[in-house]
């Protein structure tokens, strides 16, 4: 019962975090800051204008009801700065249609994805294929600043790209399921204990 109560407390904590993130994602955009602090600036809404440099990284992914996709991370040049932008995704067969050039106006959210672990394979540079968004490694690859802007609007939108704005759907929140599991185990334990006591007493009577 105590573990179930603890999970309910964690549920309330996680829901508050998700509400804070959703509020920050939908806040009015500010001009792109000149410097970044991940602890303070994560999810900050920004707007920027720059020029697509033409090169990009594709990150292998999968979406429900869509299947395998390539997320496209591309550098945008703003004066002397290079900023990485998560433009969205496209299907493998649409890669030949992808052309990244010209001036663009972008709104989005600052992000430092935490997707790497000890099982993450290194990028296949020969195929320009990465398996996670590794902000620091990608920044080094592009010669860019250590931040990714996840686009929520791009004008004009590159051909074949589908924008995938940042949201909270990918953040796990299973605390309610855990709470139900612990409370269910408690009920089963109580029922089994009651049955054991009843059968023990019955045997003594007989």
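Residue numbers (the working numbering): 305 to 510.
All C-beta atoms, glycine included, are put in the ideal place defined by N, C-alpha and C.
What you are looking at is a predicted structure, and each value in this text was computed from that prediction instead of being measured.
Practice item. For residue 430, name the three-state secondary structure that DSSP assigns. Key: Looking at residue 430 - three-state DSSP - the assignment turns out to be helix.
Check your understanding: Can you give the Cα-Cα distance for residue 388 and residue 399, rounded to whole angstroms?
Key -> Straight-line Cα distance between these residues: approximately 19 Å.
Review point. Thinking C-alpha only, which one of 502, 451, 484 is nearest residue 344?
Key: Taking only the C-alpha atoms, the option nearest residue 344 is 451.
Review point. From which residue to which residue does the alpha helix (DSSP H) around residue 390 run?
Key: Unbroken run through residue 390 is the beta strand (DSSP E), 385 to 394; no alpha helix (DSSP H).
Practice item. Look at the alpha carbon of residue 309 and the alpha carbon of residue 481, and state the distance between them as a whole number of angstroms. Key: Distance from the CA of residue 309 to the CA of residue 481, rounded to the nearest whole angstrom, comes to 12 Å.
Exercise for review: Can you have a look at residue 368 and say buried or exposed, based on whether 16 or more other CB atoms are within 10 angstroms of its CB?
Suggested key: Burial call: exposed.
Point to revise | Whole-Å CB distance - residue 346 paired with residue 433, under 8 Å assumed | key: With a Cβ gap of about 26 Å, residue 346 and residue 433 do not count as contacting.
Point to revise | For residue 321 and residue 405, the rounded distance between their alpha carbons | key: Cα-Cα distance, rounded: 38 Å.
**Study point:** Helix, strand or coil at residue 318 [DSSP, three-state]
**Key:** Assignment of residue 318 by DSSP, reduced to helix, strand and coil, places it in the helix class.
Exercise for review: Return helix, strand or coil for residue 375, following the three-state DSSP convention.
Suggested key: DSSP, read as helix, strand or coil, puts residue 375 in strand.
Review point. Closer than 8 Å, CB to CB, is residue 411 near chain C or not?
Key: Protein chain content of the structure displayed is limited to a single chain, and chain C is not contained in it.
Point to revise | Nearest candidate by alpha-carbon position, reference residue 411, set 421, 360, 331 | key: Minimum Cα distance to residue 411 is reached at 331.
Point to revise | DSSP state of residue 437 mapped onto helix, strand, coil | key: Three-state DSSP puts residue 437 in coil, outside helix and strand.
Check your understanding: From 460, 416, 461, 462, pick the residue whose C-alpha is nearest to that of residue 443; which is it?
Key -> If we check each option's Cα against that of residue 443, 416 comes out closest.
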